[in-house]
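See structure below.
Numbering (the working numbering), first residue to last: 11 to 122.
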């Protein structure tokens, strides 16, 4: 179980030790992130050689964290204190530009 911006965030349909007392709706957060030219040049060189493209791995990790944070803030705005069934989606928007989207069900939970 993880807490982001004061909101419990889980990928499961429930939270052990808590009961869902209200469903607030879909919480979502997204970001479109681009690399800078230096990362692109390094990625191109790594692509020729083969192996992990660390510059893009880092960029996507940063984007996932920001999407998760924005989703938690959206849930708080909705009056929720938890998000269940969290999922991530990614898409390629353009050359060296990716969208990362986090979504889940915003709920109000109470300890059992």
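Glycine is no exception: its CB is placed at the ideal position from the N, C-alpha and C atoms. Note that the structure is a prediction, hence the values are computed from the model and not measured.
**Request:** List the residues that DSSP assigns as beta-bridge partners of residue 101.
**Result:** 109
**Prompt:** Which residues in the same chain as residue 29 place their Cβ atom closer than 7 Å to its Cβ, once the five residues preceding and following it in sequence are excluded?
**Reply:** 119, 120 and 122
**Prompt:** Given residue 3, which residues of its chain have a CB within under 8 Å of its CB, disregarding the five upstream and five downstream residues?
**Reply:** Only positions 11 to 122 of the chain appear in the structure, and residue 3 is not among them; the question remains open.
**Item:** Cα-Cα separation between residue 21 and residue 114, rounded to whole angstroms
**Value:** 8 Å
**Message:** I'd like the span of the beta strand (DSSP E) that includes residue 37, first residue to last.
**Reply:** 28–44
**Prompt:** Any idea what DSSP makes of residue 13, helix, strand or coil?
**Reply:** strand
**Prompt:** Going by beta carbon distance, what residues of the same chain come within less than 7 Å of residue 3, once the five residues before and after it are set aside?
**Reply:** Because the chain is modelled from 11 through 122, residue 3 falls outside the range shown and cannot be assessed.
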